[in-house]
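Numbering (my numbering), first residue to last: 30 to 320.
Structure first, commentary second.
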Ligand code: 13P
C-alpha cells in the first residue's frame, strides 16, 4: 500500500473533495520530514524531485531511500519526477522506480507537446504501475530548469485540454490557469477559476476521468486554495515554501548557535520547520485521515 503511483490516490481525492500535497524535496532530511508529518496526520503523500536534485543525488539513490521509507510507512506515498523536459530522462526515472512522471513539454507547440507526452505515457504505462502528468499552457515563474516569463504565459484552453488528455493518455492533467512558480508579487494573485471550471466540465462531458494538478502552491491565499479545491484541484504542488523553510531554519539555527558544530541539531531544526509547512498544507487541503 505504501509504494503507489499518483493516479488512484488522486482519483480518490477528487471523489472525496480533498487534495493531496505534492512536496518538492532536495535531500534526505526533507524527505524524512514530509513523510513523518504525513504519517502523523494519516495523510496520503506525493514526494517530488525536480530534475537537478534527481541528477545531483542520483535517481537510483533517491528511489532506494524512497522505497525504504515508504515501505515502512502506513500511508500511500508516491515519488514524482517534476517538470522534466527531457523525454529520455523521464524514461530513465520511470525505469529507476519513480512512480509518477511529469513530462513538461508545455513550451513546445501543441502537436509536439502531445507527441512527447504520449511517448512518455506509453513508456511509463508499459513499465508497470507508473502514472504520468502532462501540462498544457505554461505556468509562469522558474521551476528548476523550466523558466517562463510572465509575458509568455499561456493559459490552457478547455477544448484543447480535452484533445490533449485524449491523445496523450495521461493520468493527471496540469492546466495553466494563472498560478505561478516562486513567490507571488501580490498577496492575492489572479487565478482564472472560470477557466478551471470550464476545463473540468469539458473533460467530464468527454467522459475523461483525470485528476487536476495545481502548480505554484507557495503563497496562494486560503480562499484561493479553497476555491481551487472546490473546482476539483486534486494535487497541489509546493516547492518554494519548503526551500524557504529549510534555508530560514538553518540560518536561524546557526545565527543563534554560531559556536556549535553539531550538524544533527541543524537537521533537527530543519525537520521541525519542514513538518510545520507540510502540516499547514495538510490542514488547507483537508487530507488528514484520508490515507
Ligand atoms: P511553488 O514553488 O510556487 O510552490 O510551485 C511548486 C510547483 O508548482 C512545482 O511543480
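The beta-carbon is built from N, C-alpha and C at its ideal position, and this holds for glycine as well.
Asked, Found
"Strand pairing of residue 131, partner residues [DSSP]", "162"
"Delimiting residues of the alpha helix (DSSP H) encompassing residue 119", "116-125"
"heavy atom of the ligand 13P below 7 Å from residue 266 C-beta", "yes"
"Element boundaries [beta strand (DSSP E), containing residue 33]", "Counting along the chain, residue 33 falls outside any beta strand (DSSP E), and DSSP gives it neither H nor E."
"When 205, 123, 151 are compared against residue 183, the one with the closest alpha-carbon", "205"
"Residue 300 burial status per 10 Å Cβ neighbour count (16 or more: buried)", "buried"
"Distance between residue 131 and residue 174 (C-alpha atoms, nearest Å)", "14 Å"
"Inter-stretch contact (C-beta, 8 Å, three-pair minimum) for the stretch 275-294 and the stretch 250-265", "no"
"Residue 140, DSSP secondary structure in three states", "helix"
"For residue 223, the three-state DSSP class (helix, strand or coil)", "helix"
"For residue 172, the residue or residues it bridges with in DSSP", "175"
"Cβ separation of residue 191 and residue 232, assumed to be a contact under 8 Å, to the nearest whole Å", "6 Å"
"Per DSSP, the bridge partner or partners of residue 204", "165"
"Own chain, CB closer than 8 Å to residue 276, minus 5 neighbours either side, in chain order", "none"
"CB contact flag (residue 89, residue 123, <8 Å)", "no"
"Nearest residue (CA-CA) to residue 196, options 153, 158, 146", "146"
"Cα-Cα separation between residue 46 and residue 52, rounded to whole angstroms", "20 Å"
"Alpha-carbon spacing of residue 208 relative to residue 288, whole angstroms", "42 Å"
"Those residues which DSSP pairs with residue 262 across a bridge", "241"
"8 Å Cβ cutoff met for residue 211 and residue 170", "yes"
"Ranges of the beta strand (DSSP E) found wholly within the stretch 80-113, counting only runs of at least 3", "106-113"
"Nearest-angstrom Cα separation, counted from residue 129 out to residue 91", "14 Å"
"Local conformation of residue 249 per DSSP, three classes", "coil"
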